[in-house]
Amino acid sequence: MTDTISDMLTRIRNASRVQLPVVEVPHSKMKESIAHILKKEGYVGEVVVETAAPKKIKLTLKYEGKRSVIEGLRRVSTPGLRRYVGSTEIPRVRGGLGISVVSTSQGVMTGNQARKSNLGGELICYIW
């Protein structure tokens, strides 16, 4: 598998469509950073990193009634086509209702944090 972040986003999307309470994804530092951003922004409930081999990340999904809190996920920068943006070019997702995830020189952060810190970087994904 070449794009592990797309795999993570697809697992979350599929699990939320069938209303699974928990989704497991293989561990990487980048995926762990994205998972913590999802938790901080209120899209997932709990993030647990299992240290036993093979390492996994367990995400507890959040629902409002029968609807998932996560309405959509979209991968922007792929291994075949990287997309880099400056701090002034970071797009607002759904008019500010969603978030963009950016990998900067200071680490992985939301688009709003990168804009405030005047940092650009690789535009990883959109979540709304």
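At position 126 of the sequence shown (counting the first as 1) the number is 214 in this note's numbering, and the numbers step up by one without a gap. In this text, a Cβ means the ideal position worked out from N, Cα and C, and glycines have one as well.
- Message: I need the boundaries of the beta strand (DSSP E) containing S191, first residue and last residue.
- Response: I187 to T192
- Query: Between S188 and G199, is the Cβ-Cβ spacing less than 8 Å?
  - Reply: yes
- Task: List the DSSP bridge partners of K204.
- Result: K204 pairs with nothing; no bridge assigned.
- Message: What does DSSP give as the partner residue(s) for Y131 in the beta ladder?
- Response: In the DSSP output, where bridge partners are listed per residue, Y131 has none listed.
- Whole-angstrom Cβ separation of V181 and L147, contact assumed at under 8 Å? About 20 Å; that fails the 8 Å criterion.
- Collapsed DSSP secondary structure at L161 in the structure displayed: The DSSP-derived three-state label of L161 is strand.
- Query: What number of angstroms, rounded off, separates the C-alpha of M197 from the C-alpha of I125?
  - Reply: Roughly 7 Å separates the two Cα atoms.
- Message: If you reduce the DSSP assignment to three classes, tell me which class V181 lands in.
- Response: helix
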